[in-house]
Amino acid sequence: MKKTMKNDSCLTVSRRAAIIRQDAEENYGTLLTLGESMRRAYQVEELIDRMRWDNADFCLQRTDGTCLSITGTLTEYEHYFGRPYYETPSNRFLPYYDVHCRKWLTCRVAGIVFGSSVKKN
899 MKKTMKNDSC LTVSRRAAII RQDAEENYGT LLTLGESMRR AYQVEELIDR
949 MRWDNADFCL QRTDGTCLSI TGTLTEYEHY FGRPYYETPS NRFLPYYDVH
999 CRKWLTCRVA GIVFGSSVKK N
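Counting along the sequence shown from 1, when you hit position 65 you're at 963 in the numbering used here, and nothing is skipped either side.
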């Protein structure tokens, strides 16, 4: 059972990496390497897992290159929308509840920036 779950997780991350790579090139003019897109896809999976249970801090890169710090969560998704949040690797957008703005927003998965990639302007 664990092998199947691990393989499914690898397939999900691989699919999400392909979407991130394509979307980053189309909307941000950034050509990501396969390794970079896989790393980002894995980090997005971890971010979604954290957001399901608690608030998570992350940065969004805008199309003009500036970054925006966000504190978001998915804990109230089922209560608000009447169904649980199901992630699919083909989704280019991630819904989240912005804790500071107090409203539901979406962001492009390819625009989520992690760690040393963050350049604040």
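Note that the Cβ used here is the ideal one computed from N, Cα and C, for glycine as well.
Asked                                                                                                 : Found
Per-residue burial, residue 966 [other beta carbons within 10 Å of its own, 16 or more giving buried] : exposed
Local conformation of residue 999 per DSSP, three classes                                             : coil
Where residue 986 falls: helix, strand or coil (DSSP)                                                 : coil
Segment limits, alpha helix (DSSP H) that includes residue 979                                        : 975-979
Length of the line joining the Cα atoms of residue 969 and residue 994                                : 9 angstroms
Proximity of residue 959 and residue 983 at Cβ, strictly below 8 angstroms                            : no
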